[in-house]
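Visitor: Here it is, the structure in full.
2 protein chains.
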Amino acid sequence: MSNGGGAPSSSTHLLDFLEEPIPGVGTYDDFHTIDWVREKCKDRERHRKINSKKKESAWEFTKSLYDAWSGWLVVTLTGLASGALAGLIDIAADWMNDLKEGVCLSAMWFNHEQCCWTSNETTFAERDKCPQWKSWAELILGQAEGPGSYIMNYFMYIYWALSFAFLAVCLVKVFAPYACGSGIPEIKTILSGFIIRGYLGKWTLMIKTITLVLAVASGLSLGKEGPLVHVACCCGNIFSYLFPKYSKNEAKKREVRREETDHRSGEFLFSLEEVRPEDAKTLIYYFPLKTLWRSFFAALVAAFVLRSINPFGNSRLVLFYVEYHTPWYLFELIPFILLGVFGGLWGAFFIRANIAWCRRRKSTRFGKYPVLEVILVAAITAVVAFPNPYTRQNTSELIKELFTDCGPLESSQLCQYRSQMNGSKAFTDNPNRPAGPGVYSAMWQLCLALIFKIIMTIFTFGLKVPSGLFIPSMAIGAIAGRIVGIAVEQLAYYHHDWFLFKEWCEVGADCITPGLYAMVGAAACLGGVTRMTVSLVVIVFELTGGLEYIVPLMAAVMTSKWVGDAFGREGIYEAHIRLNGYPFLDAKEEFTHTTLAREVMRPRRSDPPLAVLTQDDLTVEELQAVINETSYNGFPVIVSKESQRLVGFALRRDITIAIENARRKQEGIMLNSRVYFTQHAPTLPADSPRPLKLRSILDMSPFTVTDHTPMEIVVDIFRKLGLRQCLVTHNGRLLGIITKKDILRHMAQMANQDPESIMFN
Amino acid sequence: MSNGGGAPSSSTHLLDFLEEPIPGVGTYDDFHTIDWVREKCKDRERHRKINSKKKESAWEFTKSLYDAWSGWLVVTLTGLASGALAGLIDIAADWMNDLKEGVCLSAMWFNHEQCCWTSNETTFAERDKCPQWKSWAELILGQAEGPGSYIMNYFMYIYWALSFAFLAVCLVKVFAPYACGSGIPEIKTILSGFIIRGYLGKWTLMIKTITLVLAVASGLSLGKEGPLVHVACCCGNIFSYLFPKYSKNEAKKREVRREETDHRSGEFLFSLEEVRPEDAKTLIYYFPLKTLWRSFFAALVAAFVLRSINPFGNSRLVLFYVEYHTPWYLFELIPFILLGVFGGLWGAFFIRANIAWCRRRKSTRFGKYPVLEVILVAAITAVVAFPNPYTRQNTSELIKELFTDCGPLESSQLCQYRSQMNGSKAFTDNPNRPAGPGVYSAMWQLCLALIFKIIMTIFTFGLKVPSGLFIPSMAIGAIAGRIVGIAVEQLAYYHHDWFLFKEWCEVGADCITPGLYAMVGAAACLGGVTRMTVSLVVIVFELTGGLEYIVPLMAAVMTSKWVGDAFGREGIYEAHIRLNGYPFLDAKEEFTHTTLAREVMRPRRSDPPLAVLTQDDLTVEELQAVINETSYNGFPVIVSKESQRLVGFALRRDITIAIENARRKQEGIMLNSRVYFTQHAPTLPADSPRPLKLRSILDMSPFTVTDHTPMEIVVDIFRKLGLRQCLVTHNGRLLGIITKKDILRHMAQMANQDPESIMFN
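Chains A and B, in that order, give the protein sequences.
First residue of the first sequence? That's 1 in UniProt numbering, and the numbers climb one at a time after it.
First residue of the second sequence? That's 1 in UniProt numbering, and the numbers climb one at a time after it.
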């Protein structure tokens with residue numbers, strides 16, 4: 001026992017020249033799960049090597065410094081690149097979005113707002129009308145008003161929308177199929193340790209950037225926040241290939257990407273919960289603290305870049321900046337909670353409907369025509385959206401308008417309250433506000449827009465174009481919230497002597513802020529769809545810049561989460577992960593069954609016995625036979641068939657590579673050469689060929705559990721340590737093996753789902 | 001093998017009446033570490049039992065509902081209680097603090113500010129002077145001015161400070177020794193799974209609340225944020241005893257406390273990193289997602305309570321609310337980074353000096369006179385603090401003043417700039433500001449205050465009174481920041497044609513905000529001391545209510561962290577945990593050595609062999625002999641001495657209780673009765689006494705690692721799974737055992753520290 005290999009593996013390497021690293025050992029196949037523990041050990045080994053060499057020469061010292069700082073360098077570069085890309089995408093999408101309506105004659109490259117900014121002839125109230133900006137009807141027909149020009153504008157709107165959508169889907173289909181969707185389910189899976197080659201490559205980055213602009217500009221009901229996270233991850237991945245520290249280690253690469261998912265300043269907390277799988281758990285399980293700290297730095301860099309590009313026109317770093325001046329009252333919690341219920345219901349409904357539709361797309365012939373589908377959805381969206389001003393405009397602008405409270409300078413239709421003093425004055429800052437005709441028509445249009453958005457978002461998320469879910473979800477919530485807000489406001493105005501309002505809402509006082517309702521609604525809907533919790537409120541804090549409204553937001557978001565969870569605990573991203581069969585162990589779902597490890601492990605009772613290797617009495621031929629006859633990814637190594645005591649674990653890929661390598665380089669390796677995993681060669685008859693030592697590829701510390709271990713503990717171990725497989729023993733003897741796939745299948749079975757939906761290893 | 005116990009343990013319970021739960025089995029001794037996996041399993045078992053009974057009757061259904069909601073109930077109650085306590089402490093401390101200076105004649109229970117609010121005779125500029133408020137000199141000597149009354153006031157100030165300090169330390173010493181300090185190191189340890197009975201009890205709560213008020217009022221250089229977290233934890237612990245779900249499960253109780261550490265709304269994110277051990281890791285390792293969600297709810301409740309008590313006089317929920325109106329410029333990053341360097345240096349210096357002083361207190365005779373020490377420190381503080389207005393005033397108020405930018409209404413000495421237009425006008429809102437005499441004298445006083453605070457804080461933190469570190473650290477940073485800010489401002493004023501200022505700081509423009517420098521400095525110092533990262537910036541965000549200043553804050557906090565880490569990676573709380581020898585596995589410290597498990601496990605080479613139990617050939621007498629001869633907390637059970645194959649693990653405490661229980665209840669158990677851990681009794685000679693079955697106390701799924709496992713992986717497993725011990729095997733045979741204490745000792749040894757400093761099990 002004591003000579004079973006006491007020296008640490010690094011010194012073994014030095015002693016035995018045959019055990020120099022075999023090229024290719026320790027890499028992974030596509031669509032396989034990585035082993036976090038192994039990668040972590042590899043990195044520590046490398047780190048120690050550099051550290052020990054550090055004092056040898058100035059060159060080695062420089063190398064160690066470079067190694068230590070390369071993480072920061074990658075993060076800085078990625079922060080810069082993805083900040084710049086985010087800014088570019090914003091600007092380009094804005095311009096192309098306005099191109100659907102017209103062009104700026106003075107400078108083609110200006111969007112509507114910029115075009116009229118440069119004009120001196122406009123007043124503040126009519127700031128979106130200026131002679132330089134020509135609608136298509138003006139340009140082609142020469143007239144701005146009348147049914148003819150309306151139809152012309154309508155037609156051009158549809159024309160551009162379809163062109164953009166067609167271009168986007170074709171680019172995705174031809175050049176980079178991975179560029180479609182939001183990318184967040186895949187990134188969560190990749191971060192949890194799964195290999196999808198090319199998913200974060202340069203082609204995906206390029207095509208995703210371009211098609212994201214096109215998709216947003218086409219007017220489809222989608223957002224760009226999710227895809228931007230994917231873009232940032234691609235940047236991180238590409239830059240990490242420049243550094244030896246990252247290019248060789250799968251776990252390290254994942255750290256960089258994780259940082260990148262955090263880079264957008266407004267969202268660096270969001271990502272803690274969302275992209276970092278769902279509740280900061282996986283992040284925290286697999287990643288050292290340094291990562292968190294670096295994300296922080298990436299956020300700093302990206303904030304800088306965004307600030308200098310300044311896409312939002314104000315010097316704030318958030319999308320929607322609002323300030324409210326009225327406090328809220330206890331009674332208002334009732335409508336806020338109702339908005340939370342709405343958000344939860346919408347979330348549950350959306351997830352079910354969207355998943356059902358995506359499943360149909362996957363399983364029927366219909367899914368074979370993605371281009372046609374995108375064109376169809378884009379056409380319906382454009383045709384229905386144009387007549388309604390609230391669906392025609394940019395969704396981000398719509399949200400901004402809904403969030404903003406009515407002030408004296410606000411020219412929006414939503415703020416057309418009747419003044420009591422002077423009936424002719426349409427815009428008034430009098431706090432005492434009965435709704436005017438503008439508000440009534442706005443309410444109708446908002447209701448129609450709500451229904452439209454709800455239906456279109458279900459069919460849009462999952463199309464083969466880049467599509468995020470944040471903006472549409474927030475828009476739906478904001479519309480619903482604003483409607484409720486105006487309703488409560490009018491209620492308070494006409495019934496201010498009700499006992500509910502009596503105490504705090506006097507005649508002439510400004511007591512209800514409809515914009516706040518819109519914000520609460522948006523947070524609730526976002527919460528219902530993504531099931532994010534604390535971080536969501538933090539994001540929305542940033543929107544308002546104050547702690548004043550924490551209670552309304554928390555009440556709504558919590559209600560939405562409760563209501564949503566009553567219909568199913570999965571968020572939209574988990575649902576899509578499950579739909580695609582990715583091997584993702586959700587940290588949120590608790591395993592509550594009483595199964596024991598022995599019931600989940602393979603081999604089952606009716607199965608053939610487990611394929612195992614013995615430590616010193618196999619020949620190369622027998623070993624190859626075992627490998628060829630089975631398709632397992634690895635094999636336990638035991639002392640002998642009789643004792644069944646476990647020695648270690650060897651990966652299939654490593655064995656194959658090692659045998660090939662030995663055949664090429666070592667003389668005398670034949671089919672009947674003995675293979676041994678022990679420290680010393682077994683005693684062999686004199687005439688036998690030279691034996692082959694495979695100890696260097698043997699994992700001497702495989703994870704084991706006993707057959708009596710409850711599965712809840714096994715699931716916990718897999719989650720927290722990021723395992724790929726675990727061996728099962730009874731009283732020290734090997735019984736079987738449990739892989740991540742076995743666990744996912746078992747969980748699917750327990751939830752009465754098809755276990756065969758888990759597809760990858 | 002197949003009859004070795006295939007049924008899950010719950011059905012075994014039903015089959016064998018002898019295995020009904022033995023009272024006392026599964027509890028822990030004081031100063032012991034709990035086993036998270038075991039507690040988790042216990043709770044799941046209970047949950048399943050309730051769920052399966054649910055459908056039996058309406059009563060059982062009600063019980064299951066009660067069980068499901070009791071968590072929320074505890075959290076609500078605790079939120080209410082600790083919110084109320086926090087408000088009460090604020091109000092009482094304010095009042096007693098002002099008592100040192102004088103009393104309100106119109107109403108004894110008013111503090112200075114409230115006293116003058118109610119007075120109608122004061123103008124805004126002289127709002128802190130009113131006839132109702134009498135200083136002690138006015139009351140006793142009848143005159144407000146002159147050296148006599150100054151000395152009288154000085155004397156009374158010292159008198160009250162000493163009285164408060166004396167009372168505080170006596171109360172702590174006599175009634176609740178656990179009430180001293182900030183409590184955060186102990187809470188971190190308790191949350192990580194260590195038992196300290198009484199630390200969160202009702203006496204600690206009561207005494208801590210009272211003495212916290214006294215300690216703050218005595219003018220010592222301490223804050224109340226840390227102790228408030230302890231108070232909230234006590235509330236959570238006390239309420240959790242009311243519910244069966246929590247009173248019986250140590251892991252569940254920790255969930256509640258963890259929620260309570262979060263309850264203060266402004267700090268619920270802070271706690272994610274800080275009290276939740278340092279980087280959200282431990283929280284996330286051991287606690288289900290639900291906890292996070294509940295903390296959120298507790299924050300809601302506490303926010304409500306605080307809002308109705310409203311101790312801060314404004315309707316904001318944060319301590320310091322400031323709004324700045326000037327943007328910052330790129331060049332200003334240099335002073336911000338310098339402030340970060342200062343913060344890091346201060347943090348490193350403070351931690352070293354404070355730990356050295358505390359170690360001296362522990363090891364020398366000096367530590368035996370805590371009352372004397374407190375009196376001495378309080379006396380020095382009071383004597384030195386009174387003459388300087390910046391140290392005499394309440395520290396929170398000082399910070400508020402330093403954060404606030406100078407406006408036209410500001411009467412502070414710090415805002416006495418000379419106006420250029422009119423030399424006689426002392427207070428001016430002209431942005432073009434050369435410093436006046438008031439600013440110069442303020443600068444001197446601030447420098448003295450800075451030195452004073454630095455020295456006194458080192459000696460104060462660790463005294464036997466409740467003491468937090470947030471407020472003093474922030475004060476030091478704010479003073480340094482304001483000094484730097486004014487210096488830069490004057491530099492920019494007198495040298496506005498320098499190339500550094502030329503671009504953006506024109507003559508007559510308001511370009512530097514000294515208040516912002518104070519805030520950045522405060523964040524940097526807090527970061528240096530606690531080594532918090534992201535959450536710190538989030539907290540400070542809340543202070544300013546805007547994302548505008550994220551880059552300055554991030555730059556300063558990151559620099560401070562880097563500089564501090566260069567001198568040692570521990571924050572102040574980890575340093576105190578190590579000083580006290582608590583068994584706390586810091587998630588932040590990476591284990592970078594190449595040790596293998598076999599080198600850390602016991603028995604070492606020279607040790608006697610491991611004390612093990614065999615599964616079926618021990619007698620009660622032999623078993624008791626093993627227990628009496630050793631002091632281990634548990635014993636591995638093996639198949640037989642020859643094979644050494646591992647079966648399970650039995651805890652000492654459980655064995656003792658089980659034997660006593662069997663002696664009392666089962667007939668025929670004698671000293672020579674055979675003890676067996678197997679499913680079926682061994683075949684015994686006919687005349688042997690009735691055997692004793694101990695399978696129910698056997699842990700059938702002990703954690704095992706192989707002797708070749710690198711210690712870095714073992715440490716990871718302990719951290720992530722919250723283990724108490726782990727068995728070491730080689731080729732399936734038991735070799736030894738590794739406990740949490742072994743790991744901590746090994747880590748101390750590797751860091752060249754005394755391994756015997758780890759004291760508890």
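Every residue gets a Cβ at the ideal spot worked out from N, C-alpha and C, and that includes glycine.
If you reduce the DSSP assignment to three classes, tell me which class D607/B lands in.
Guide: coil
Visitor: Report yes if the C-beta distance between N731/A and V647/B is below 7 angstroms; otherwise report no.
Guide: yes
Visitor: Give a yes or no on whether the C-beta atoms belonging to A478/B and L339/B are separated by under 7 angstroms.
Guide: No.
Visitor: Does the region 708-723 of chain A come into contact with the region 712-731 of chain B, if we say contact requires no fewer than three beta-carbon pairs (one atom in each stretch) closer than 8 angstroms?
Guide: yes
Visitor: Once the 5 residues before and after L613/A are set aside, which same chain residues still bring their CB inside 6 angstroms of it?
Guide: F635, V637
Visitor: Nearest-angstrom Cα distance between G468/A and G193/B?
Guide: 42 angstroms
Visitor: Taking DSSP as the reference, what is the three-state secondary structure of Q114/B?
Guide: helix
Visitor: Pick from N628/B, A442/B, Q143/B, F470/B: whose alpha carbon is nearest that of I486/B?
Guide: A442/B
Visitor: Helix or strand or just coil, what does DSSP make of I486/A?
Guide: helix
Visitor: So, is the C-beta of M711/A closer than 7 angstroms to a C-beta in chain B?
Guide: M711/A does not count as touching chain B.
Visitor: List, in chain order, every chain D residue whose beta-carbon is nearer than 7 angstroms to that of T706/B.
Guide: This model lacks chain D altogether; the protein chains it does include are A and B.
Visitor: For F461/B, which three-state DSSP category applies?
Guide: coil
Visitor: In three-state terms, what does DSSP make of Q753/A?
Guide: coil
Visitor: Where do the ends of the beta strand (DSSP E) carrying C726/B lie?
Guide: 725-730
Visitor: What residue from S696/B, K693/B, N672/B has the CA that sits closest to D687/B's CA?
Guide: N672/B
Visitor: Just checking: is the beta-carbon of V639/B within a distance shorter than 7 angstroms of some beta-carbon in chain A?
Guide: yes
Visitor: Any beta-carbon of chain A closer than 7 angstroms to the one on P311/B?
Guide: Low confidence applies to P311/B: its pLDDT is 45, below 50, so where it sits in the model is not reliable enough to give any reading.
Visitor: Using a cut-off of 8 angstroms between C-beta atoms, extract the partners of C41/B located in chain A.
Guide: P710, E712, I713
Visitor: Rounding to the nearest angstrom, what Cα-Cα distance links K561/B and S631/A in this structure?
Guide: 50 angstroms
Visitor: Are any of the Cβ atoms in chain A nearer than 7 angstroms to that of G732/B?
Guide: yes
Visitor: Measuring CB to CB, does V520/A end up less than 7 angstroms from G481/A?
Guide: yes
Visitor: My assumption, with CB atoms under 8 angstroms, is that F243/B sits in contact with S64/B. Please give the rounded CB distance.
Guide: F243/B to S64/B, Cβ: 14 angstroms. No contact.
Visitor: Can a CB atom of chain B be found closer than 7 angstroms to the CB of L613/A?
Guide: no
Visitor: Determine the burial state of S52/B: buried for a count of at least 16 other Cβ atoms within 10 Å of its Cβ, exposed for fewer.
Guide: S52/B should be labelled exposed.
Visitor: Compare the C-beta of V675/A against all C-beta atoms of chain B and say whether one is closer than 7 angstroms.
Guide: no
Visitor: How big is the Cα-Cα spacing for K597/A and P603/A?
Guide: Before going on, a small fix: residue 597/A reads as Ala here, not Lys. Taking the straight line from one Cα to the other gives about 12 angstroms.
Visitor: So, is the C-beta of L646/B closer than 7 angstroms to a C-beta in chain A?
Guide: Closer than 7 angstroms: yes.
Visitor: Give me the chain B residues within the contact set of T678/A, using Cβ-Cβ distance strictly less than 8 angstroms, ordered along the chain.
Guide: Simply none; closest approach about 10 angstroms.
Visitor: Let me make sure I understand the geometry here. Which of R392/A, A58/A, A93/A has the alpha-carbon closest to that of L212/A?
Guide: A93/A
Visitor: Give the secondary structure of D699/A by DSSP, where H, G and I count as helix, E and B as strand, and everything else as coil.
Guide: strand
Visitor: Less than 7 angstroms between C-beta atoms, sequence neighbours within five positions excluded: which residues of the same chain meet that for E60/A?
Guide: K53, K54.
Visitor: Buried or exposed: which applies to R360/A, given that a residue is buried once 16 or more other Cβ atoms fall within 10 Å of its Cβ?
Guide: That one is exposed.
Visitor: List the residues of chain B whose Cβ lies closer than 7 angstroms to the Cβ of I458/A, in chain order.
Guide: What I458/A touches in chain B: nothing, since even the nearest Cβ is about 27 angstroms away.
Visitor: Classify T630/A as helix, strand or coil using the three-state DSSP reduction.
Guide: coil
Visitor: Consult DSSP for H746/A and reduce its assignment to one of helix, strand or coil.
Guide: helix
Visitor: Answer yes or no: do A165/B and N153/B have a C-beta to C-beta separation smaller than 7 angstroms?
Guide: no
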